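Position in the sequence shown counted from 1, then plus 400, gives you the working numbering. A virtual CB, placed ideally from N, CA and C, is assigned to each residue, including glycine. This structure is a prediction, so every number in the text was calculated from the model and none was measured. Comments concern the structure below.
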Amino acid sequence: METITLFLLILLFGYLGTGLAVRKISGRNYIPTGVEYLLLGLLLSPALYGLIAQFVPILPKFPLNNSIMEKLNPVIAGATGFLGLFWGMKFNLVALLRSNREHVRVAFYDLLLNNILIGSVTFGILYYIFGGTTILVDIIFASLSTAIMVSLPTPWVVRRLQKKFKLRGKLTDSMIAATSFSRSFSLLMFGLLFPVYHILTRPGIFLTATEFVALGFGIAIVLGILFFIFLGRETNSEKIIAGILGITLLGSGVGYYLGLSPLFLCFILGILIGNLSSIRERITNAVHGLITPLSAVTVIFAGITWVVPEDYLIWVAVLLVPLIKLISKAITHRISYAAAFDKESVFERQGSVFLLNDILVFALLVNYATVFSNSMLSFVVNATFISAIVFSISASGVTKKFLVESDEITGGVE
């Protein structure tokens, strides 16, 4: 009990200290993305502590172990489900249908072509390293999951710069819309991997992959019906928060039990509520304050689950991931630019805007580690971490440079 208390105190003060540090380093040339909390998670990681303990044997026993981590998994599944619900409510189907077709085309290029390129190269690397010891299905799904996670874009930095410089250009709006759509489509694609994987690897499930996918959507729809029955016209903010927490925990628990992605399940639920509920704005306003701390806790937990690669080849492969991503994004968006019908909505070097990973990538990683726990987990975890860190550091400067070169930002820039 004392070790848990100690861990919680370290986590609390570490969270507050990291938040203070993030505010201090935020300035003209750097926009915090939330990845900074990963450092705190790594410092609390049993794997890192064990690595240090090999050289400093006098260190006391670490408060976290595998048993405690397993008990925390359902709690973090609930947090990822809540994030999925919130961002699902932000996915407006009417806005999608009314948007410039070029925005959707760019998003699909980023989703499909980019994932094919990164996934193919990753598959080759993993097959070379693990081909003799791991079944092919596991390699394929590790490659696909890695590609989706390291490619997950975000409009965060572009939005911040748009607000700072009061940008009204067509290209800026296009990049924000395209990255938002690509993020939502990527979340859906990631969630679909889970039922397909279970059908291929668990012969005891007497369902087809399509039926398992339909089951996931069906659960989300049932939860949506429950929401409309009990909270459809509620106006009290406290009751809304309590109801949303209850239905999200139920959805996350079902997803966790079935081996599905809680984030995906609640994302579908969020889409239903966000597009059909008359109190959508009340809900988002009521729960908005919870998103930042939940996101930070998810990033910290992802860092805690860090896995040390056992082979130097895995380290080499992990360090190649940012380069693979950089090349893939450049190729993808040059093709996207060449194929565009509305040239004012695209730019030849727009791939730089899609490099920064959304903070939701850590929620995806937590969901992945819960189900796909095999010999390739160390590669997937470290590849995701390296990609997120590298492009988080460079995001502010690279995005601002893109907006200047495309004449979205004009005049003097400090």
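If you compare alpha carbons, which of T572, W487, L451 is closest to V804? T572
Which two residues bound the contiguous alpha helix (DSSP H) that contains S752? From DSSP, S752 is part of no alpha helix (DSSP H); its letter is neither H nor E.
Between the CA atoms of F565 and E808 - distance to the nearest angstrom: 10 Å
Report back the beta-carbon spacing between F772 and A477 to the nearest angstrom; my notes put them in contact at under 8 Å. In fact, because the Cβ distance is near 14 Å, the residues do not count as touching under 8 Å.
Name the residue from N774, A696, N492 whose alpha carbon lies nearest to the alpha carbon of T418. A696
Does the beta-carbon distance from A836 to T705 come in below 7 Å? For the chain, the structure presents residues 401 to 814; residue 836 sits outside this window and is missing.
Please classify P474: does DSSP put it in a helix, a strand, or coil? helix
Using the Cβ count rule (16 or more neighbours within 10 Å means buried), how would you classify K471? exposed
Quick one: what's got a C-beta closer than 7 Å to T601's C-beta in the same chain, skipping five residues either side? V537
Under DSSP, the alpha helix (DSSP H) around W556 begins and ends at which residues? 556-565
Counting Cβ pairs closer than 8 Å, one from the region 747-764 and one from the region 720-738, do we hit at least three? yes
Who does Y657 pair with in a DSSP beta bridge? DSSP lists no partner for Y657.
Please tell me whether A788 and V718 are closer than 7 Å, where the distance is taken between their beta carbons. no
From I605 to P460, what distance separates their C-alpha atoms? 45 Å
L544 and F667 look like a contact to me (Cβ under 8 Å); what is the Cβ gap, rounded to whole Å? Actually they do not touch by this definition, with Cβ atoms about 18 Å apart.
Expressed to the nearest angstrom, what Euclidean distance is found between the alpha-carbon atoms of R568 and Q562? 8 Å
Secondary structure at P553, three-state DSSP: helix, strand or coil? strand
Here's the rule: buried if 16 or more other CB atoms are within 10 angstroms of the residue's CB, otherwise exposed. What is I621? It is exposed - the Cβ of I621 has fewer than 16 other Cβ atoms within 10 Å.
For the region 674-683 against the region 503-516, are there 3 or more C-beta pairs whose distance is under 8 Å? no
Consider the C-beta atom of R559 and the heavy atoms of the ligand NAP; say whether any pair is separated by less than 6 Å. The ligand NAP is absent from the structure shown, which contains no ligand whatsoever.
Considering only residues of the same chain and omitting the five flanking positions on each side of P555, which have a CB-CB separation below 6 Å? Closer than 6 Å at the Cβ level, and outside the excluded window around P555, lie I576, T579, S580.
F791 - containing alpha helix (DSSP H), residue span: 777-805
Could you give the residue range of the alpha helix (DSSP H) that holds W715? 712-739
Report, in whole angstroms, the separation of the C-beta atoms of I640 and E634, which I expect to be a contact under 8 Å. 6 Å
Please classify V494 as buried or exposed, where buried requires at least 16 other C-beta atoms within 10 Å of its C-beta. exposed
Assigned exposure category for K800 - 16 Cβ within 10 Å defines buried: buried
Check whether L511 and F630 have beta carbons under 7 Å apart: no
Is it the case that the region 713-733 contacts the region 658-667, given that we only count it when at least three CB pairs across the two stretches are under 8 Å? Cβ pair count under 8 Å is below three, so no.
Please go through the same chain and pick out, in chain order, the residues whose beta-carbon is closer than 8 Å to the beta-carbon of I599, but skip the five residues on each side of it. I605, L607, T608, A609, F612
On a CA-only basis, which of I431, E436, F413 is nearest T698? Give me that one, please. E436
Pair within 7 Å by beta-carbon distance, I518 and A547: yes
Are the Cβ atoms of K702 and F762 separated by less than 7 Å? The sequence as given places Ala at residue 702; Lys does not occur at that position. Contact flag set, yes.
Contact under 7 Å by Cβ, I619 with V596: no
Alpha carbons only, please: which of I516, L593, R680, A507 is nearest the one belonging to S745? A507
Would you mind giving the Cβ-Cβ distance between G441 and L663, rounded to the nearest angstrom? I have them listed as a contact below 8 Å. Going by Cβ atoms, the distance from G441 to L663 rounds to 18 Å, so no, they are not a contact pair.
Compare the Cα-Cα distances from L439 to each of S796, F785, F802 and report the closest residue. The candidate whose alpha carbon is nearest that of L439 is F785.
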